[in-house]
Amino acid sequence: MKITASKLNQFLLFKLPSAFICGVRVKAINETECVVSVKHRWINQNPFNSMYFAVQAMAAELSTGALVMYQIQKSDRKISMLVANNKGNFTKKATGRITFVCKDGHLIAEAIQKTIANGEGQTFWMKSIGTDEKGIQVSEMDFEWSVRVK
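Once you know that position 77 of the sequence shown is 776 in the numbering used here, the rest is easy, because the numbers rise by one and skip nothing.
What follows is the structure in structure tokens.
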């Protein structure tokens, strides 16, 4: 199965229903970049009338994790993946449609090559930037991913 935006959205429905219900959707994916979008709605708001931080974290993590899945599939090997660490910075209230973009796909191939070559787990950090409809950054999330040959 080739990884596409629509197949990842089906994956959300069945494997990550809370993200699907909150409106998290993959808009585009390729080898180096993934775009994920979520709209501020009643179901994903906080008491301050903006998007709850955890919803932003789900969308940001998906933008990085989908790229990891894409590269693992491309390697044609059985490789496990896991978030080892994360950090976030929230700079503005998240209202309206928030788009998270990760452009760190190039980091994954090297880690996968290393884990295949030596059998040891590899870790790497990936960044996802969340912007509102005006292009203003609302949050920045970093995820440390770990990959290892099964």
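Glycine included, every Cβ here is placed at the ideal spot set by N, Cα and C.
It should be emphasised that the depicted structure is a prediction, and the values quoted were computed from it without experimental measurement.
Please determine whether the Cβ atom of residue i lies at a distance below 7 Å from any heavy atom of the ligand FAD.
i	result
Asn748	You won't find the ligand FAD in this model; it holds no ligand whatsoever.
State yes or no: is the C-beta of residue i within less than 8 Å of the C-beta of residue j?
i	j	result
Lys726	Val737	no
Ala765	Ile728	yes
Thr763	Ser827	yes
Gln821	Val846	yes
Ala718	Leu707	no
Lys791	Ile835	yes
Closest by CA to residue i, which one among the options?
i	options	result
Glu839	Gly787, Gly818, Val846	Gly787
His739	Thr830, Glu843, Ala793	Ala793
Cys801	Asn785, Leu761, Asn817, Val848	Leu761
Ala759	Val723, Asn743, Ile742	Val723
Ile789	Trp844, Pro746, Val837, Val848	It is Phe, not Ile, that sits at residue 789 in the sequence shown. Of the candidates Trp844, Pro746, Val837, Val848, the one whose C-alpha sits nearest the C-alpha of Phe789 is Val837.
Thr830	Phe710, Ile797, Ala704, Ile728	Ile797
Lys849	Ala816, Phe823, Ile828	Ala816
Asn785	Gln770, Met757, Lys791	Met757
His805	Phe823, Gly795, Gln744, Asp775	Phe823
Can you tell me the Cβ-Cβ gap for residue i and residue j, rounded? I've got them flagged as a contact below 8 Å.
i	j	result
Thr814	Ile778	7 Å
Met768	Ile702	6 Å
Phe842	Met825	5 Å
>> Using 8 Å as the cut-off, can you tell me whether the stretch 805-812 makes contact with the stretch 745-757, which would need three or more C-beta pairs spanning the two stretches below that distance?
In response: no
> Counting only runs that start and end within the stretch 705-750, where is the beta strand (DSSP E) found for 3 or more residues in a row?
Replying inline: 724-728, 733-738
>> Suppose only complete runs of 3+ residues qualify. What are the beta strand (DSSP E) ranges in the stretch 761-823, listed by chain order?
In response: 778-789, 796-801
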